[in-house]
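Counted from 1, the sequence shown has number 52 at position 53 by numbering that gives the first Met the number 0; the numbering is strictly sequential. Backbone N, C-alpha and C fix where the C-beta goes; we use that ideal spot for every residue, glycine too. Below is one structure, written out as structure tokens; comments come after it.
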Amino acid sequence: MTDELPNRDLDRLLDDIYFGQERVTQAEIYRRAIAADLPAGLLTRIGAMPEGEYAIDEAADLLGGSVA
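Take a look at the structure:
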């Protein structure tokens, strides 16, 4: 599997989570990623994010997504 597929999954997840939201907590991103059954490597990256709230561009930068 290439990195492209997990990044596409990440972009979709972030688009969904941030719909109508300006900032979302790391815990919410992680919870929603688990519910979406995302790959383990992506869950590890999300779990490694410092706790706190993030705008979509901040989360994408930290996680390697392309949503901005």
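Have a look at residue i and residue j and give me their C-alpha separation to the nearest angstrom.
i	j	result
ALA34	ASP56	22 Å
TYR29	GLY19	18 Å
ASN6	GLY64	6 Å
ARG22	TYR53	5 Å
ASP8	LEU42	11 Å
ASP36	GLY46	14 Å
For residue i, count the other beta carbons within 10 Å of its own beta carbon; 16 or more makes it buried, fewer makes it exposed. Which is it?
i	result
ALA58	buried
Tell me which same chain residues have a C-beta within less than 8 Å of the C-beta of residue i, skipping the five on either side of it?
i	result
GLU50	THR24, GLN25 and ALA26
ARG31	LEU12, ASP15 and ILE16
For residue i, which residues from the same chain have a beta carbon less than 7 Å from its beta carbon, with the 5 sequence-adjacent residues on both sides left out?
i	result
LEU61	MET48
So, at 6 Å on beta carbons, what are the nonlocal neighbours of residue i in its own chain, with the 5 sequence-adjacent residues on each side left out?
i	result
ARG44	LEU62
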